[in-house]
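Here our numbering is used: the first residue of the sequence shown is 2, the next is one more, and so on. Built from N, CA and C at the ideal position, the CB exists for glycine as well. Everything on this sheet refers to the single structure shown next.
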Amino acid sequence: MKSIIRSSDLAYDRGGGALSDAEFDALKDILLALYDISPASAKDEYTEVGAAPAEGFAKVRHGVPMLSLANAFSDEDVTEFVARAKKFFMADILRDSDFVLAFTAEPKIDGLSASLRYENGVFVRGATRGDGTEGEDITENLKTIGDIPHRLKGSGWPAAIEVRGEVYMTHAEFQRLKAHSAKFGGQDYVNPRNTAAGSLRQKDPKITASRNLNFFAYAWGIAEDADGVSTPPAATQTEVVQKFKQWGFATNPLMLRTQSADDLIAHYRKIEEQRATLGYDIDGVVYKLDRLDLQQRWGFVARAPRWAIAHKFPAEQATTVLTGIDIQVGRTGALTPVARLKPVTVGGVVVENATLHNEDYIKGIGNNGEPIRNGIDLRVGDTVTVQRAGDVIPQIVDVLLDKRPEGAEPFQFPHICPACGSEAVRELNEKTGKLDSVRRCTGELICPAQVVENLKHFVSRNALDIDGLGDKQVAQFYAEGRIARPADIFTLRTRDERAMKKLKDADGFGPVSVKKLFDAIDARREPELDRFIFALGIRHVGETTAALLAKEFGTVERFRETAIAAAQHEDGHSVFPEIGGIGETVRSSVMAFFANERNVQALDDLLDEVRPQPYVVTISADSVVAGKTVVFTGSLEKMTRTEAKAMAERLGAKVAGSVSGATDILIAGPGAGSKLKKAEELGVEVISEDEWFERVGQ
Ligand code: IVH
Numbered sequence: 002m003k004s005i006i007r008s009s010d011l012a013y014d015r016g017g018g019a020l021s022d023a024e025f026d027a028l029k030d031i032l033l034a035l036y037d038i039s040p041a042s043a044k045d046e047y048t049e050v051g052a053a054p055a056e057g058f059a060k061v062r063h064g065v066p067m068l069s070l071a072n073a074f075s076d077e078d079v080t081e082f083v084a085r086a087k088k089f090f091m092a093d094i095l096r097d098s099d100f101v102l103a104f105t106a107e108p109k110i111d112g113l114s115a116s117l118r119y120e121n122g123v124f125v126r127g128a129t130r131g132d133g134t135e136g137e138d139i140t141e142n143l144k145t146i147g148d149i150p151h152r153l154k155g156s157g158w159p160a161a162i163e164v165r166g167e168v169y170m171t172h173a174e175f176q177r178l179k180a181h182s183a184k185f186g187g188q189d190y191v192n193p194r195n196t197a198a199g200s201l202r203q204k205d206p207k208i209t210a211s212r213n214l215n216f217f218a219y220a221w222g223i224a225e226d227a228d229g230v231s232t233p234p235a236a237t238q239t240e241v242v243q244k245f246k247q248w249g250f251a252t253n254p255l256m257l258r259t260q261s262a263d264d265l266i267a268h269y270r271k272i273e274e275q276r277a278t279l280g281y282d283i284d285g286v287v288y289k290l291d292r293l294d295l296q297q298r299w300g301f302v303a304r305a306p307r308w309a310i311a312h313k314f315p316a317e318q319a320t321t322v323l324t325g326i327d328i329q330v331g332r333t334g335a336l337t338p339v340a341r342l343k344p345v346t347v348g349g350v351v352v353e354n355a356t357l358h359n360e361d362y363i364k365g366i367g368n369n370g371e372p373i374r375n376g377i378d379l380r381v382g383d384t385v386t387v388q389r390a391g392d393v394i395p396q397i398v399d400v401l402l403d404k405r406p407e408g409a410e411p412f413q414f415p416h417i418c419p420a421c422g423s424e425a426v427r428e429l430n431e432k433t434g435k436l437d438s439v440r441r442c443t444g445e446l447i448c449p450a451q452v453v454e455n456l457k458h459f460v461s462r463n464a465l466d467i468d469g470l471g472d473k474q475v476a477q478f479y480a481e482g483r484i485a486r487p488a489d490i491f492t493l494r495t496r497d498e499r500a501m502k503k504l505k506d507a508d509g510f511g512p513v514s515v516k517k518l519f520d521a522i523d524a525r526r527e528p529e530l531d532r533f534i535f536a537l538g539i540r541h542v543g544e545t546t547a548a549l550l551a552k553e554f555g556t557v558e559r560f561r562e563t564a565i566a567a568a569q570h571e572d573g574h575s576v577f578p579e580i581g582g583i584g585e586t587v588r589s590s591v592m593a594f595f596a597n598e599r600n601v602q603a604l605d606d607l608l609d610e611v612r613p614q615p616y617v618v619t620i621s622a623d624s625v626v627a628g629k630t631v632v633f634t635g636s637l638e639k640m641t642r643t644e645a646k647a648m649a650e651r652l653g654a655k656v657a658g659s660v661s662g663a664t665d666i667l668i669a670g671p672g673a674g675s676k677l678k679k680a681e682e683l684g685v686e687v688i689s690e691d692e693w694f695e696r697v698g699q
C-alpha cells in the first residue's frame, strides 16, 4: 500500500504531471478499496479524526500575520463599508476624475486557512493559521492536497511568497467518508469543516491523503524578490488571484469586481441562492478593496484590515427545549446565566448550551431597555428557537409560548454569588443613572471563581501565553492549592522542588511534562509590555487598550507609578495623561485597579518574578517622525484628515488634536487659523503638507 501512496504523491505535483487527474483518481479509488479490505486499519484511522489535536507539530512564525475580518450582517453594513472607503479616499476622488474605487466580492469558504510558503517556485512549508502570528507546520499533510501545487507553474512569481487560502472538504467527500465510517462503526463526523480540520492535523500524512481535501487560494502574506525586498504579486486583488490560477492553484470562480455597493449586495444574493448547490460550505461573502496600494493606505485596525469585510449569511435556527439555567461567575465577577438545552442540531452542529447574557435578557428586556422576544421571559421547560451564526455562541431568539408547560415558574436570578456566597449586586451607572445590566459578585479576591478566571486570563493566548498551562491546568493547580495569584505561577518550580506533593505525581503530569511546563513558564519571564498589561485583567482594558497604554507609558514602572499617583490624587483625571483612543471609563477603571492595595501588592510580587520589556513601536520605528507628536490643521490637499492620521500613526508618530508644549510638528494646510497661531507662539515647528511628504519619504 505504501508504494501506491508514494507514487500517488507524484500526481499531486501538478508541475511534474506524472499522472493525469483521472489516473490519479483511479489510483485513489484503489487505495480506498484497499482500506475497505482492511477494516481494522481503516477503523483506527477514522477514529483518530476529531480526536485531541496531535501534538508535536513544529511551530511556524508567519512572515506577515494572518488576520481576521470584520463582519457585516446587513445590506446597510455593506453600504457603510463602501461609504467609509469613499470618505477615506475622498481627496483622490475629488482630485482625479479617473480615480476608480473598485471592490471584489468572493465567497467566504467555511474551512481552515493555511499559509503556503514557496521559495523560487517550490513549496517549502505550509502552516495552519494558529493564533495568526504563529501556526503549526503541516507541510506534509498539505502536500497531499491536489489543489496545492508542489511547484508553481508558469513564471514571474516572487522569489519568496506565502500563498494563503482555505482548506475545505466538499459535501460529496464528507458524505463518502461518513458512509465509509458507518460501515466500520467508526465515529460520526460532525460537519465538513471539523472533519477537514481533523484530517489536516493527522500525524500521518497518508491519512490526510485518503481524505480528498481541497484548497482555494485567495490571499498572501510575504511576497519578496531575491533581495528580500517586498514585491506585491500584482497591482490588484483581482490580478493576484488570476496569477494564483496561472501558477496552478484552484481559485474560486464566483469572484466579482465592481465599484458599486448595490452590485456587491446583488452578488451576495446570487451566491446565497447557489449556496446549497455549490457542493462545499460557505458562510458569507468577502468584499475587498481591489487596489493593493489603496489597501495599504487604508490600513488595519487591531487584527483586521479596514479594507475588507465579511458579509455573513443569516444564522441557522432550530427548535428545542430549555432544560435548565446555570449561573457562571466570570473574571470580573459577572454572573452570567447559561441555558442548558435538549441537544439539537443547528446547521450541522449539536447545540446543548446557549448564552443568556444577563437577568434582564431572561426577563425579555434588551440592553437598551426595549423588549426582546416581544417581552416574553424564559422559563425552564420552555420550547425555544435557537440560532447559531458561524463560530458565535448560540443564542435563544424566541419562545413558543403555546408550548409553555403548565406551572412553569419565572426564573429567580440569584442575588448571592453561587461560587463564594458574597452578595451579588447591580451597580448604578453614574453617567446614565441606570442599573448596570450585569449583576456582579462583590467577593473579588475571596471569590474562587473570579480568582481562577483571572488566572486563566493571565496565561491565555493573547496575554502571557504560557504553553501547557491552559484553563484545565489552572483550575487544577488552584484546586490543589499550588497557585492563587499570578506571581505563584513563576515560583511553581522552586516551590515544587521543596514540596512533598510533587507536581510530577499530580493527575495528568509526569516528569517530562512538568519540566516542559516549568521551562515554558521561564520562557515568559520577559513578556511584551502590552501583553503584560492586558494580562493584569483590569476591567475594560482589552488588547487594543493595553497596547495604547503600553505605547503611552513605555515601561511597566512608568505605568505603575503614574497610575498609582493618579489613583491617590483627589482628581486623578488631572494626573492620568490624555491618551488618544482611551476614554473616561478606561481611565477610571485603571485608577480603581491601582487604588486597591491588594492589586498593587499582587502586581509588585509579580514584578519580583517577571520583567516586562519596554514597549517598542514596531511600525517604522526608524522613520524620522517616530515618537514625535504631530498635529494636522487647515485643509489638506493630498489626503483626507483620517488618512493623514492613519499614515502618521503607521510611521510611529502620535497624532494630537490640539497644539500644546508637547507638540513637535504642526502640518498646516491652507486656511490654518488658531492652531497655526498657537504653534508659532510656542515655537513649534510648522511645515506644509508637501514638506511632510518629503520628510516621511512617501
Ligand atoms: S481574506 C486579510 N478571503 O475568513 C484578509 N478570507 O474571518 C484575509 N476566509 O481567517 C482573509 N474565505 O480563513 C479571505 N475568500 C476569502 C475567505 C476568507 C474564507 C476565512 C479565512 C480567514 C477568515 C477571516
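Suppose you measure from the CA of residue i to the CA of residue j; what does that come to, to the nearest Å?
i, j, result
"GLN474", "LEU446", "20 Å"
"ALA680", "GLY635", "13 Å"
"PRO487", "ARG526", "12 Å"
"GLY285", "SER689", "45 Å"
"LEU637", "LYS154", "46 Å"
"LYS364", "GLU579", "40 Å"
"SER675", "ASP691", "21 Å"
"ALA180", "TYR190", "10 Å"
"VAL626", "PRO306", "24 Å"
"ALA103", "ARG341", "47 Å"
"ARG85", "CYS421", "48 Å"
"ASN195", "ALA568", "49 Å"
"ARG258", "THR546", "36 Å"
"ASP37", "ARG202", "Here ASP37 scores only 37 on pLDDT, less than 50, and its place in the model is too uncertain to base an answer on."
"LEU295", "ALA160", "24 Å"
"ALA55", "ARG532", "Since pLDDT at ALA55 reaches only 43, below the 50 mark, its modelled position is unreliable, and the value read off the structure follows with that caveat. Rounded to the nearest angstrom, the two C-alpha atoms are 28 Å apart."
"ILE377", "VAL400", "7 Å"
"LYS184", "ARG165", "36 Å"
"THR1", "ALA319", "Residue coverage of the chain in this structure runs from 2 to 699, which leaves residue 1 outside it and unanswerable."
"ALA669", "MET648", "16 Å"
Buried or exposed: which applies to residue i, given that a residue is buried once 16 or more other Cβ atoms fall within 10 Å of its Cβ?
i, result
"HIS358", "buried"
"ALA236", "exposed"
"HIS312", "buried"
"THR321", "buried"
"LYS3", "At LYS3, the pLDDT of 32 sits below 50, so the modelled position is not reliable; the number obtained from the coordinates is stated separately. With fewer than 16 Cβ atoms within 10 Å of its Cβ, LYS3 is classed as exposed."
"GLU682", "exposed"
"GLN1", "Residue coverage of the chain in this structure runs from 2 to 699, which leaves residue 1 outside it and unanswerable."
"ALA262", "buried"
"LYS88", "exposed"
"ASN375", "exposed"
"PRO395", "buried"
"ALA524", "exposed"
"VAL687", "buried"
Would the beta-carbon of residue i be found less than 7 Å away from any heavy atom of the ligand FAD?
i, result
"LEU70", "With respect to the ligand FAD, the structure shown offers nothing to examine, as its ligands consist of the ligand IVH."
Check each candidate in the options and name the one with the smallest Cα separation from residue i.
i, options, result
"GLY382", "THR324, HIS416 and PRO395", "THR324"
"ALA173", "PRO150, GLU141, ASN142 and ARG212", "ARG212"
"GLU353", "GLY367, VAL385 and GLU273", "VAL385"
"PHE124", "ARG292, GLY131, GLU135 and ASN142", "ASN142"
"GLU585", "VAL439, GLU431, GLY658 and LEU683", "GLU431"
"VAL460", "CYS421, PRO528, ALA536 and SER438", "ALA536"
"TYR169", "TRP299, ALA450, ILE522 and ASN215", "ASN215"
"THR443", "ILE583, ARG332, ASN375 and GLN602", "ARG332"
"LEU1", "ILE484, THR630 and GLY555", "Coverage of the chain is limited to positions 2 through 699, which leaves residue 1 absent and any answer about it impossible."
"LEU113", "GLY133, VAL345 and LYS343", "GLY133"
"ASP468", "MET67, ILE522 and PRO233", "ILE522"
"PHE694", "LEU652, MET501, ALA673 and THR129", "LEU652"
"ARG561", "ALA593, GLY582, TRP308 and VAL230", "ALA593"
"GLN451", "PRO419, ASN369 and GLU428", "PRO419"
"ARG440", "ILE534, PRO338 and GLY434", "PRO338"
"GLY684", "GLY147, SER661, ILE490 and LYS655", "SER661"
"PHE301", "MET67, ALA564, ASP506 and PHE217", "MET67"
Could you check whether the region 475 to 484 touches the region 598 to 616, counting it as contact only if at least three pairs of C-beta atoms, one from each stretch, sit closer than 8 Å?
no
Assess, as a yes-or-no matter, whether the region 328 to 345 is touched by the region 408 to 424 under the definition of 3 or more beta carbon pairs within less than 8 Å.
yes
Just checking, does the region 122 to 137 make contact with the region 58 to 76 on the three C-beta pairs under 8 Å criterion?
yes
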